[in-house]
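Each step along the sequence shown adds one to the number in my numbering, with nothing skipped, and position 135 is 135.
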Amino acid sequence: MNAGRNASISDPQTDAETTRVSIEDNDLLRELAGRGRGQLEVIEKALGLRIAVRGNVLTLSGKPEARTSGAELLRQIEELAGSGQRLGKAEIDQAARQFANGQTPSIRDWLADTVLVTNRRKSITPRSPNQKRYVDAIRNHDVVFGIGPAGTGKTYLAVAMAVAALTKGTVRKIILTRPAVEAGEKLGFLPGDLIEKIDPYLRPLYDALNDMIDPARCARYMEQGTIEIAPLAFMRGRTLERAFIILDEAQNTTPEQMKMFLTRLGMGSCAVITGDHTQIDLPLGNGSGLLAVRRILHGIDELPFIEFDRTDVVRHPLVQRIIEAYEADASRSERRR
Numbered sequence: 001m002n003a004g005r006n007a008s009i010s011d012p013q014t015d016a017e018t019t020r021v022s023i024e025d026n027d028l029l030r031e032l033a034g035r036g037r038g039q040l041e042v043i044e045k046a047l048g049l050r051i052a053v054r055g056n057v058l059t060l061s062g063k064p065e066a067r068t069s070g071a072e073l074l075r076q077i078e079e080l081a082g083s084g085q086r087l088g089k090a091e092i093d094q095a096a097r098q099f100a101n102g103q104t105p106s107i108r109d110w111l112a113d114t115v116l117v118t119n120r121r122k123s124i125t126p127r128s129p130n131q132k133r134y135v136d137a138i139r140n141h142d143v144v145f146g147i148g149p150a151g152t153g154k155t156y157l158a159v160a161m162a163v164a165a166l167t168k169g170t171v172r173k174i175i176l177t178r179p180a181v182e183a184g185e186k187l188g189f190l191p192g193d194l195i196e197k198i199d200p201y202l203r204p205l206y207d208a209l210n211d212m213i214d215p216a217r218c219a220r221y222m223e224q225g226t227i228e229i230a231p232l233a234f235m236r237g238r239t240l241e242r243a244f245i246i247l248d249e250a251q252n253t254t255p256e257q258m259k260m261f262l263t264r265l266g267m268g269s270c271a272v273i274t275g276d277h278t279q280i281d282l283p284l285g286n287g288s289g290l291l292a293v294r295r296i297l298h299g300i301d302e303l304p305f306i307e308f309d310r311t312d313v314v315r316h317p318l319v320q321r322i323i324e325a326y327e328a329d330a331s332r333s334e335r336r337r
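Now the structure itself:
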């Protein structure tokens, strides 16, 4: 959406069955609708509305509260467009789902907070109020825990914050680490040298970095040691100063490994620990360091725990439904016990 556009949405007109929203700017109307009405369909599905377009008028049909939410969402989208903020289908889908959950949020509060502009000129922003809390916590604390299901942006946003800190000179290096634990599979002997052996476990971190930094520059950073990606076992005995350290998949640490990691923090450093307690791949009988640390440290103001849920999922919309189905099945199993 183009920057500097003046407000174009008039006050909604509501009767007993419909709410009409007039949009004076034809270009804005096309952008709001998206290719093949894709963005309007996202709003329709999330809020249970039907949106008809005739000329410069959007007619919203559905329950009164859904129409009110839809009109307010359209107003906020227009406001962001006027300030130059680009919104795609994914951002609108996430915003619509927040409204559908009974909230009336100000989407500017999170979507206008640019964490990083990537080498492809893509702006990385929080996509939910919880993600905004997470980003703010990382800005204001030396140690932050992000806990929640797959697809909630825990690792991706942490890597974006790390790259932003490196770019600004706040830290001298980025260290990304994960425990090398197989996800329910026995992979057997892996060929190659040490780096080639551990590479499969660390690939998601490489993917996130390469989405944010030019691959050639990223390779130089790794050669120079400015960016280091290593298994958690390599952290033992080190003191990490002026570094941004991310421990990913922390649910697969043991309590001893978690304590070891947290005590590596040196002056001028910050650490972000991410994990999903529903995806523990440790051998049966081994306790999770993430569960232990949440019990031991929870309640300390200087150590915020940001808890994500399915409403924060920013992957394909089906991911949220899959998580909901698994949560419902777990609840039924618990009741049967």
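Glycine included, C-beta positions come from ideal geometry on N, C-alpha and C.
Bear in mind the structure is a predicted one, so any value in this text is a computation, not a measurement.
>> Along the chain, where does the alpha helix (DSSP H) containing residue 228 start, and where does it finish?
In response: Not the alpha helix (DSSP H): residue 228 falls in the beta strand (DSSP E), residues 227 to 231.
>> I'd like to know whether the C-beta atoms of residue 113 and residue 132 end up nearer to each other than 8 Å.
In response: yes
> Along the chain, where does the beta strand (DSSP E) that runs through residue 144 open and close?
Replying inline: 143 to 147
> Quick one: is residue 139 near chain B, going by C-beta distance under 8 Å?
Replying inline: Within the model displayed, chain B is absent; a lone protein chain is all it includes.
>> Check for me: the alpha helix (DSSP H) holding residue 168 runs from which residue to which?
In response: 154 to 168
>> Between the alpha carbons of residue 20 and residue 118, how many angstroms are there, rounded?
In response: 38 Å
> Where do the N-terminal and C-terminal ends of the beta strand (DSSP E) with residue 300 fall, by residue?
Replying inline: Counting along the chain, residue 300 falls outside any beta strand (DSSP E), and DSSP gives it neither H nor E.
>> Using 8 Å for Cβ pairs, my map puts residue 173 next to residue 225. What's the rounded Cβ distance?
In response: 7 Å
> If you drop the 5 nearest sequence neighbours on each side, which residues of the same chain put their C-beta closer than 8 Å to that of residue 76?
Replying inline: 95, 106, 107, 108
> Should residue 252 be labelled buried (16 or more other beta-carbon atoms within 10 Å of its own) or exposed?
Replying inline: buried
> Residue ranges of each alpha helix (DSSP H) run of no fewer than 4 residues wholly in the segment 85 to 113, ordered along the chain?
Replying inline: 89 to 100, 108 to 111
>> Rounding to the nearest angstrom, what Cα-Cα distance links residue 91 and residue 210 in this structure?
In response: 22 Å
> In whole angstroms, what is the alpha-carbon distance linking residue 229 and residue 221?
Replying inline: 11 Å
> At what residues does the alpha helix (DSSP H) containing residue 245 begin and finish?
Replying inline: Per DSSP, residue 245 belongs to no alpha helix (DSSP H); it is in the beta strand (DSSP E), 243 to 247.
>> Beta-carbon within less than 8 Å of residue 80's beta-carbon, same chain only, minus the 5 sequence neighbours each way: which residues are those?
In response: 1, 87, 107, 108, 111, 112
>> Within a Cβ cutoff of 7 Å, which residues of the same chain sit near residue 154, ignoring the five residues on either side of it in sequence?
In response: 146, 148, 274, 308
> Which full runs of the beta strand (DSSP E) of 3+ residues lie inside the segment 3 to 82, going along the chain?
Replying inline: 18 to 22, 50 to 54, 57 to 61
>> List, from N- to C-terminal side, the beta strand (DSSP E) runs of 3 residues or more that fit wholly inside the segment 268 to 309.
In response: 270 to 275, 305 to 307
> Do three or more CB pairs link the segment 243 to 250 to the segment 265 to 285 at distances below 8 Å?
Replying inline: yes
> To the nearest angstrom, how far is it from the Cα of residue 27 to the Cα of residue 52?
Replying inline: 17 Å
>> According to DSSP, is residue 138 part of a helix, a strand, or is it coil?
In response: helix
> To the nearest whole angstrom, what separates the beta carbons of residue 144 and residue 137, a pair I think is in contact under 8 Å?
Replying inline: 5 Å
> In whole angstroms, what separates the C-alpha of residue 204 from that of residue 102?
Replying inline: 34 Å
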